[in-house]
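S.K.: Below is the structure I would like to discuss, written out as structure tokens.
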Amino acid sequence: MSFQRTQEKLKILADAAKYDVSCSSSGSKRANTNKGLGDATGMGICHSYTEDGRCVSLLKILLTNHCIFDCAYCVTRKSNDVKRAAFKVQEVVDLTINFYRRNYIEGLFLSSGIFKSADYTMERLVAVAKKLRLEENFNGYIHLKSIPGASDELMREAGLYADRLSVNIEIPTEAGLKKLAPDKKREDFIKPMVKVKNEIIQYNAEKKIIKSTPKFAPAGQSTQMIIGASGENDFQIMQTSNHFYKSYNLKRVYYSGYVPISYDNRLPQIGSAVPMLRENRLYQTDWLMRFYGFDVSEILNEQHQNLDLDVDPKLSWALRNLHEFPVDVNTADQRMLARIPGLGMKSVFKIINARRFRKLNWEHLKKIGVALNRAQYFMVCDSNQFEKRDLTSEKIKGLILQNSTSKYQKMLSNQLSLFG
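Heads up, the sequence shown is in the UniProt record's numbering, so the first residue is 1 and it goes up one at a time.
Right, here's the structure in full:
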């Protein structure tokens, strides 16, 4: 095939893949063996950053943008008038190896439209990973998208060659999916998740007995949902995330603000703002649930169904629960320290270690890295410099916003109007 045709395919299928944000290699430990190509240990993809600050990239493409489904929110839906293309299995293998050898990429993120059937598509995705591992001895990072409805046999094989698997649930609720993608069934998304979860559990059990047990999806599985296409509130979205984390042991849930791509009265119209600030608040809430010990019901509930856009969710929770404060940083446990606005988990651990040797004052906390412009209203320490004042939540919020800047400030007024 000519270079021009391959280049044209790459342009079409790389552009079509940009809407999938679930690209993270965290957790993979696939080391380079037998003088092979690549090394996924500690690496990330899609211009992600590793823990030591390195920026790494991957070849992120679709196998094809042909699709048998007509999902209203998808740019590759069958009724959309766009250029179509499809790679052969060997073409993707060759592109990955050639790009890697030129130091353009350190891994592959491969998704696809569904053509013919779920199994037909999944077979070809697996074939790419298999060829890379066995024929090219490629040990770099591979992330495969699981095709909804694919067989258990194919999902097992996929996990033997890929570092991470992910199936996008696409829309947060079953009602939203039925509205925008009536041909799809929620159970088809769940089936591959269940298989991957069970295989990982089995692998971890067998690994304790047989050290040579073949790796199975060492970076786990993730999913992604589109935000702002189907009308769900933040409470519904985070309930869904919480369910998938707990039921399927997901490593990550990704949130993608809907980008208007069609004139459809079921969707926000072309020209509508992408809800980037809302997306950011959802990620912050996700972080609080996974690392800060918050339950989703503490942040969102029937009385508080949408996140505040003008302040982050931890500060919002603190302002609604002033009876929990102030917290004495010299005596409080880890759980309560983590709930103080302006304290990240690194600062929490530093405080716990430092107070073993002396009582901490404001100067110590500043050196530790505490964001005192927020934290000072919610904590006390070994000092009377900032005596507690009887401030209302609205007053505290105003004082914090007055001394804060955000890259999302310009978007704030537009996105607040969405909830008016």
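Note that CB positions come from ideal geometry on N, CA and C, so glycine has one too.
Residues bridged to R252 by DSSP?
M.R.: DSSP, once it has assigned bridges, lists S222 as partnering R252.
S.K.: Return yes when at least one heavy atom of the ligand FAD lies under 7 Å from the C-beta of K359, else no.
M.R.: Ligands are entirely absent from the displayed structure, and the ligand FAD is therefore not among its contents.
S.K.: Helix, strand or coil, according to DSSP, for H304 in the structure here?
M.R.: The answer is strand: DSSP assigns H304 an E or B state.
S.K.: Apart from the five residues just before and just after I114, which ones in its own chain have a Cβ nearer than 7 Å to its Cβ?
M.R.: So the list reads C67, I68, F69, T121 and I147, once near-sequence residues are dropped.
S.K.: Would you decide whether T50 is buried or exposed? Buried here means 16 or more other CB atoms lie within 10 Å of its CB.
M.R.: Here the model assigns T50 a pLDDT of 42, short of 50, so the residue's position is not dependable, and the following value carries that caveat. Answer is exposed; the Cβ neighbour count stays below 16.
S.K.: Is I61 helix, strand or coil by DSSP?
M.R.: In this structure, I61 counts as strand in the three-state DSSP scheme.
S.K.: For L160, report the span of its alpha helix (DSSP H) as first-last.
M.R.: Where L160 is concerned, the enclosing alpha helix (DSSP H) stretches over D152 to Y161.
S.K.: Alpha carbon to alpha carbon, what distance is there between G344 and N361?
M.R.: Answer to the nearest angstrom: the Cα atoms are 18 Å apart.
S.K.: Beta-carbon of D295 versus every beta-carbon of chain D: anything under 8 Å?
M.R.: No chain D appears in this structure, which consists of one protein chain only.
S.K.: Could you tell me which of L59, S79 and D312 sits nearest to N103, measuring between CA atoms?
M.R.: N103 has its Cα closest to that of L59, out of L59, S79 and D312.
S.K.: According to the neighbour-count rule (16 or more other Cβ atoms, all chains shown, within 10 Å of its Cβ), is N265 buried or exposed?
M.R.: Exposed is the call here.
S.K.: Which residues does DSSP pair with K191 in a beta bridge?
M.R.: DSSP lists no partner for K191.
S.K.: Do you know whose CA, among Q284, I261, R281 and Y283, lies nearest A273's CA?
M.R.: When only C-alpha atoms are compared, the closest one is I261.
S.K.: On the three-state DSSP scale, how would you describe G176?
M.R.: Looking at G176 - three-state DSSP - the assignment turns out to be helix.
S.K.: To which residues does DSSP link G107 through a beta bridge?
M.R.: Paired residue(s): Y141.
S.K.: Give the secondary structure of L319 by DSSP, where H, G and I count as helix, E and B as strand, and everything else as coil.
M.R.: Here L319 sits in helix by DSSP.
S.K.: Just to confirm, is the Cβ distance from S222 to V253 under 8 Å?
M.R.: In contact: S222 and V253 (Cβ atoms closer than 8 Å).
S.K.: Quick check: the region 359 to 373 against the region 321 to 333, are there 3 or more CB pairs under 8 Å?
M.R.: They touch, by the three-pair rule.
S.K.: How long is the line joining the alpha carbons of A158 and K215, rounded to whole angstroms?
M.R.: If I take the Cα positions, the gap works out to 11 Å.
S.K.: When the Cβ atoms of the region 176 to 194 are set against those of the region 133 to 141, are three or more pairs found closer than 8 Å?
M.R.: Judged by Cβ distances under 8 Å, the region 176 to 194 makes no contact with the region 133 to 141, as fewer than three pairs qualify.
S.K.: In chain order, what are the residue ranges of uninterrupted alpha helix (DSSP H) at least 4 long that sit wholly in the region 256 to 309?
M.R.: Those alpha helix (DSSP H) runs which fall completely within the region 256 to 309 and span 4+ residues are 276 to 291 and 296 to 299.
S.K.: Ends of the beta strand (DSSP E) at R164?
M.R.: Looking at the DSSP string, the run of the beta strand (DSSP E) that includes R164 is R164 to S166.
S.K.: Taking the C-alpha atoms as reference points, what is the distance between D390 and F325?
M.R.: Taking the straight line joining both Cα atoms gives about 12 Å.
S.K.: What's the gap between the Cα of L165 and the Cα of R374?
M.R.: Roughly 39 Å between the two C-alpha positions.
S.K.: Kindly list the residues whose CB is nearer than 7 Å to the CB of F291, restricted to its own chain and excluding five residues on each side of it in sequence; keep chain order.
M.R.: Result list for F291: M345, in chain order.
S.K.: Taking only three categories from DSSP, how would you classify T16?
M.R.: First, the amino acid is wrong: residue 16 is Ala here, not Thr. If DSSP states are grouped into helix, strand and coil, A16 belongs with the helices.
S.K.: When you compare only the Cα positions, how much space is there between F109 and K131?
M.R.: C-alpha separation (whole angstroms): 15 Å.
S.K.: Identify which residue in E106, Y263, L62 and A175 has its Cα closest to the Cα of S79.
M.R.: Ranking the options by Cα distance to S79, first place goes to Y263.
S.K.: Is I169 near M238, with beta carbons less than 8 Å apart?
M.R.: No, the pair does not count as a contact, with Cβ atoms beyond the cut-off.
S.K.: Let me make sure I understand the geometry here. Which of V259, E199 and H243 has the alpha-carbon closest to that of G228?
M.R.: If we check each option's Cα against that of G228, V259 comes out closest.
S.K.: Checking the sheet assignment: what are the DSSP bridge partners for I227?
M.R.: Paired residues: G257.
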